[in-house]
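Structure, as structure tokens:
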Amino acid sequence: MTTRLTRWLTALDNFEAKMALLPAVRRYGRLTRATGLVLEATGLQLPLGATCIIERQDGPETKEVESEVVGFNGQRLFLMPLEEVEGILPGARVYARNGHGDGLQSGKQLPLGPALLGRVLDGGGKPLDGLPAPDTLET
26 MTTRLTRWLT ALDNFEAKMA LLPAVRRYGR LTRATGLVLE ATGLQLPLGA TCIIERQDGP
86 ETKEVESEVV GFNGQRLFLM PLEEVEGILP GARVYARNGH GDGLQSGKQL PLGPALLGRV
146 LDGGGKPLDG LPAPDTLET
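FYI, the numbering used here numbers position 122 of the sequence shown as 147, with every residue one higher than the one before it.
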């Protein structure tokens, strides 16, 4: 290899290492309305059945409320929360479970594999038996 090519490849490797240290970009929308149990958000385009996270305040901490896209109208998404909604404020951030918010997300995925034998999980695949989440290779 020539000296110029070697320097170029070294610079490219350094650049790649620096890029790996950058924080992930996350697109998000905002909660605009809550009517009964249905929440309305704008700023994201997601398919029906996609999982979203809504930020909620719990004292000084920010916690996450999982929700599912159950409908849309124009630029508005209709979300059904799967957890307690107490503490969700107007304008709360809403983002896709996969973090992209680009509509490329598939529907709900649940863990699958031998690690689930003997375990007790809720409808979302979260452990109810007090043990840590199972290590599964398949979803």
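Yeah, the Cβ is synthetic: ideal placement off N, Cα and C, and Gly gets one too.
Please list the terminal residues of the continuous alpha helix (DSSP H) segment that includes residue i.
i: LEU30; result: 28-45
In angstroms, rounded to a whole number, what distance separates the CA positions of residue i and residue j?
i: GLU108; j: SER92; result: 7 Å
i: ILE79; j: THR28; result: 52 Å
i: GLY150; j: LEU102; result: 24 Å
i: ASP38; j: ARG32; result: 10 Å
i: VAL50; j: ALA66; result: 19 Å
i: VAL90; j: GLY84; result: 15 Å
i: MET116; j: GLY148; result: In the sequence under discussion, the amino acid at residue 116 is Gly, which differs from the Met named in the question. GLY116 and GLY148: Cα-Cα distance of roughly 28 Å.
i: ALA158; j: LEU30; result: 47 Å
i: LYS43; j: ALA36; result: 11 Å
i: LYS88; j: ARG81; result: 5 Å
i: LEU137; j: CYS77; result: 21 Å
i: GLU41; j: LEU34; result: 10 Å
i: LEU64; j: VAL110; result: 10 Å
i: GLU86; j: LEU141; result: 32 Å
i: ASN123; j: ASN98; result: 22 Å
Can you give me the start and stop residues for the beta strand (DSSP E) that residue i sits inside?
i: LEU56; result: 54-60
Name the DSSP bridge partner or partners of residue i?
i: PRO152; result: LEU146
If residue i sits next to residue j, beta carbons under 8 Å apart, how far is it from one beta carbon to the other, in whole angstroms?
i: MET105; j: VAL119; result: About 13 Å; that fails the 8 Å criterion.
i: GLY54; j: GLY74; result: Actually they are not in contact, since the Cβ atoms of GLY54 and GLY74 sit about 17 Å apart, beyond 8 Å.
i: ALA121; j: LEU47; result: 20 Å between Cβ atoms; not a contact.
i: LEU25; j: PRO139; result: Lying before the first or after the last residue shown, residue 25 is absent from the chain, which here runs from 26 to 164.
i: ASP154; j: ARG144; result: 6 Å
i: LEU56; j: ILE113; result: 7 Å
Taking 9 Å as the CB-CB limit, is residue i close to chain B?
i: PRO85; result: Here there is only one protein chain, and chain B is not present.
Only counting runs of 3 or more residues, tell me where the beta strand (DSSP E) segments fall wholly within the stretch 62-139, in order along the chain.
63-67, 76-83, 86-98, 101-106, 118-121
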